[in-house]
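In my numbering, the protein residues as written are 6 to 639.
For reference, the structure is listed below as structure tokens.
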Amino acid sequence: MKQKHKQLHAKSINQPEEFWADAANQIDWHTCWNSVLDDSDAPFYRWFAGGKMNTCYNAVDRHVAQGRGEQIALQYVSPVTDCEYSITYRELLAQVSRLAGYMDSIGVKKGDRVVIYMPMVPETAFAMLACARIGAIHSVVFGGFAANELATRINDAKPKLILSASCGIEPSGVVPYKPLLDDALLQASHKVEHCLVLNRSQLEAELLPQRDRDWQSAVAAAPDIGCVPLDATDPLYVLYTSGTTGQPKGVVRDNGGHAVALTWSMKHIYDIDCGNTFWAASDVGWVVGHSYIVYGPLLVGATSIMYEGKPIGTPDPGAFWRTIAKYKVKSFFTAPTAIRAIKRDDPNGNYLQDVDLGCLKNVFLAGERCDPDTLHWSEDTLKKPVIDHWWQTETGWPVAANLMGYAPVEVKAGSPALAVPGYQIDVVDVMGDEVSANESGNVVIKLPLPPGTLTTLWQNEQRYQDSYLSMYPGYYLTGDAGYKDEEGYLYIMSRIDDIINVAGHRLSTGRFEEVLCQHEAVAEAAVIGVKDALKGQVPLGLVVLKHGVTLNEEQLNQELMALVRQEIGPVAAFRLVSAVQKLPKTRSGKILRGTMRNIADNQSYKMPATIEDPATLDIVRNTLTRMGYADAHV
6 MKQKHKQLHA KSINQPEEFW ADAANQIDWH TCWNSVLDDS DAPFYRWFAG
56 GKMNTCYNAV DRHVAQGRGE QIALQYVSPV TDCEYSITYR ELLAQVSRLA
106 GYMDSIGVKK GDRVVIYMPM VPETAFAMLA CARIGAIHSV VFGGFAANEL
156 ATRINDAKPK LILSASCGIE PSGVVPYKPL LDDALLQASH KVEHCLVLNR
206 SQLEAELLPQ RDRDWQSAVA AAPDIGCVPL DATDPLYVLY TSGTTGQPKG
256 VVRDNGGHAV ALTWSMKHIY DIDCGNTFWA ASDVGWVVGH SYIVYGPLLV
306 GATSIMYEGK PIGTPDPGAF WRTIAKYKVK SFFTAPTAIR AIKRDDPNGN
356 YLQDVDLGCL KNVFLAGERC DPDTLHWSED TLKKPVIDHW WQTETGWPVA
406 ANLMGYAPVE VKAGSPALAV PGYQIDVVDV MGDEVSANES GNVVIKLPLP
456 PGTLTTLWQN EQRYQDSYLS MYPGYYLTGD AGYKDEEGYL YIMSRIDDII
506 NVAGHRLSTG RFEEVLCQHE AVAEAAVIGV KDALKGQVPL GLVVLKHGVT
556 LNEEQLNQEL MALVRQEIGP VAAFRLVSAV QKLPKTRSGK ILRGTMRNIA
606 DNQSYKMPAT IEDPATLDIV RNTLTRMGYA DAHV
């Protein structure tokens, strides 16, 4: 099967126009393209230039037109509200066309921006598709983001309309959204005239008569509206990702290339066809939610699960498995951090005892590096193929993966497998020279990037070039460090910034974490580099223990230090380690290593807008202070 994968990949690199023209035939076009790849304005490449299509038509209307209107499009599962219901493609079309009609009635046109600030409810998907229907550019902001962060995005996107909800529901309780939205609009210099607010029964919001409209009544009174033919190169959405300067970067995704790439990936990578059920346990505020809760599954006519809950605590670590069994999920996609949370609370898989997962064919993990221990635990517990794969907000779909719907290859723990067709991945040194097999370096992708990847940053082409293209001309800089083995398998070890320089030895935090997670008591680990007068930097590890572990701290620390010495060697100088109750993470599951490093070194830092639980930073700060780092008063 590896040869079959390599042959397909070679075709995508050597004959990209033929390869992607074949893939483009899987979606419906209003007008065929003039050229598959337009490189006249390199490095701003354009796919399917001259072609016209509509993403919403391909995700909704065509399935109804082909007689599949009664098939379930979205299955809403909300353990936090104890509510479940399904939406057919016909019902989805009715909701989306009326919401688009409302937008049109207030003057929202092609190219206008619409900010969506909502929880994990079906109306959020309606909002995205309604924008796509009329050519408005949506920008989804994760529901519950702080008001100042929302204001920053409003100022950058300059929306004509904001779609929001009265509240979100977290395991901790109701989170009011409307006060945050009102505060953000007061802070923002850009003035928004129209807000459409979904009032939820858990907490109804007070509407301002001059600006706010009630979602249900406004949409019910709106006319249906059809799809607007759009240029393939027209923007579909802007999704903001954190920038190193504190100013978020607006990743721009086009219509045509995006639809083609996602349609191709659903079958080839995730093994999902029309009528199958797919579940990406993420949030529409993240790129995973854009690509694989809303657009990807609907483009191929699958059923997509929308889940409002957590892997644990809503109500227990068996919630994911019961949902998969109940709704006959064929492929399941979640983050390694979710699996680690389940493993921590249910290390022996007791919640799986009475659950029939016969429907489940594959489990996919992405969002943060999957350490081998997590992969093996998942395989052993679920008795299913567990597939690590790697991609980014900027790429929009997988860069390295196992093609489970086309040519599955051997799974190697710690690796997201081989480059996906369309991506030419290289590992280079600081001078841009390719390094040898098994030698670490900076991971880059040769231009042009395939369809579906970012085309630029919103209204900031210079920043796009400076951030991604300038360091290695002709290549896209991923910002990740790693290596490839002799067979071409990629290993992503850390962000480039997370390489620790210990007395001249460059060591990856990912490798340390991999070793720490081998210990039977450890559920997850984070390693950061802290300043050291003698060695420049030394590694410091924080571990979260599995529930029920009674090992005393001194014994644990000695065993962990011995394990690192055995696996990495004395050069690692690993002597700083402590157990903590929780690690600080973003809501998408990424550990905030950079923030922890700043705390340890007494550097200034900004509370990340995406942090899931701010209290975790206090836990870490207290632990670091006890270890001799992070002055308590800073």
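Yeah, the Cβ is synthetic: ideal placement off N, Cα and C, and Gly gets one too.
Exercise for review: Look at VAL554 and LYS587 and say whether their C-beta atoms are less than 8 Å apart.
Suggested key: no
Practice item. Mark GLN215 as exposed unless 16 or more other C-beta atoms lie within 10 angstroms of its C-beta, in which case mark it buried. Key: exposed
Check your understanding: Of all the beta strand (DSSP E) runs that stay within the bounds of the region 347–380, which reach a length of 3 or more residues?
Key -> 367–370
Exercise for review: With DSSP as the reference, label GLU89 as helix, strand or coil.
Suggested key: strand
Review point. Per DSSP, what kind of secondary structure is HIS143 in: helix, strand or coil?
Key: strand
Exercise for review: Between the Cα of TYR469 and those of ALA567, HIS14 and LYS254, spot the shortest distance and give me the residue it belongs to.
Suggested key: LYS254
**Study point:** Beta-carbon gap between LEU474 and ASN447 smaller than 8 Å
**Key:** no
Point to revise | Validate contact between the region 424–434 and the region 230–242 using beta carbons, cut 8 Å, 3 pairs | key: no
Review point. Assuming VAL368 contacts VAL391 under a Cβ cut-off of 8 Å, what Cβ separation, rounded to an integer in Å, is found between them?
Key: 5 Å
Review point. Starting from TYR122 and walking both ways along the alpha helix (DSSP H), at which residues does that stretch end?
Key: Per DSSP, TYR122 belongs to no alpha helix (DSSP H); it is in the beta strand (DSSP E), 118–122.
Review point. Quick one: any contact between the region 287–301 and the region 253–267, if contact means 3 or more CB pairs under 8 Å?
Key: yes
Review point. Short check: CB of VAL532 to CB of VAL543, under 8 Å?
Key: no
Exercise for review: Report yes if the CB atom of PRO127 is closer than 8 Å to the CB atom of GLY173, and no otherwise.
Suggested key: no
Point to revise | Beta-carbon spacing of LEU629, ILE604 below 8 Å | key: yes
Check your understanding: Within this structure, are the beta carbons of PRO39 and ALA54 separated by less than 8 Å?
Key -> Note on residue identity: the sequence assigns Asn, not Pro, to residue 39. Yes, they are a contact pair.
Exercise for review: Using the Cα positions of VAL639 and ASN607, report the straight-line distance between them to the nearest angstrom.
Suggested key: Its pLDDT being 36, under 50, VAL639 is placed unreliably in this model, and the value from its coordinates should be taken loosely. Near 7 Å, if we compare the C-alpha coordinates of ASN607 and VAL639.
Review point. According to DSSP, which residues form a beta bridge with GLN542?
Key: LYS536
Review point. What are the start and end residues of the beta strand (DSSP E) that includes ARG258?
Key: 254–259
Check your understanding: Cβ atoms of GLY74 and ARG95: under 8 Å apart, would you say?
Key -> yes
Review point. CA-CA distance, PRO351 and LYS196?
Key: Note that residue 351 is Asp in the sequence shown here, rather than Pro. Between ASP351 and LYS196, the C-alpha separation is close to 49 Å.
Exercise for review: Identify, in the order they occur along the chain, each residue of the same chain with its Cβ nearer than 6 Å to the Cβ of LEU13, setting aside the five sequence neighbours on each side.
Suggested key: PRO426
**Study point:** Spatially closest choice to GLN563 from VAL582, ILE573 and GLU572, by CA coordinates
**Key:** VAL582
Practice item. Give the range of the beta strand (DSSP E) segment to which ASN175 is assigned. Key: Reading the sequence as shown, one finds Glu at residue 175 and not Asn. First-last of the beta strand (DSSP E) with GLU175: 172–175.
Exercise for review: Determine the contact status of GLY515 and ALA343, defining contact as a CB-CB distance below 8 Å.
Suggested key: no
Review point. Which same chain residues, not among the five before or five after GLN192, have their C-beta less than 7 Å away from its C-beta?
Key: ALA152, ASN153 and ALA156
Review point. Among residues of its own chain, excluding the 5 on either side of ILE501, which ones have a beta-carbon nearer than 8 Å to its beta-carbon?
Key: ASN447, GLY484, ASP485 and ALA486
Review point. Are three or more beta carbon pairs between the region 314–325 and the region 74–92 nearer than 8 Å?
Key: yes
**Study point:** Residue environment, LYS272, which counts as buried when at least 16 other CB atoms sit within 10 Å
**Key:** buried
Check your understanding: Between ASP117 and LYS165, is the Cβ-Cβ spacing less than 8 Å?
Key -> yes
Check your understanding: Exposed or buried, what is THR249 when buried is set at 16 or more other beta-carbons lying within 10 Å of its beta-carbon?
Key -> Low confidence applies to THR249: its pLDDT is 48, below 50, so where it sits in the model is not reliable, and the reading given next is rough at best. THR249 comes out exposed.
Review point. Do you know how far the Cα of ILE230 is from the Cα of HIS68?
Key: 17 Å
Check your understanding: For THR555, which of helix, strand or coil comes out of DSSP?
Key -> coil
Practice item. Tell me whether THR615 is buried or exposed, calling it buried when 16 or more other Cβ atoms sit within 10 Å of its Cβ. Key: buried
**Study point:** Backbone secondary structure at GLN221 - three-state DSSP
**Key:** helix
Point to revise | Backbone secondary structure at ASP623 - three-state DSSP | key: helix
Exercise for review: Look at the alpha carbon of ARG205 and the alpha carbon of ALA170, and state the distance between them as a whole number of angstroms.
Suggested key: 7 Å
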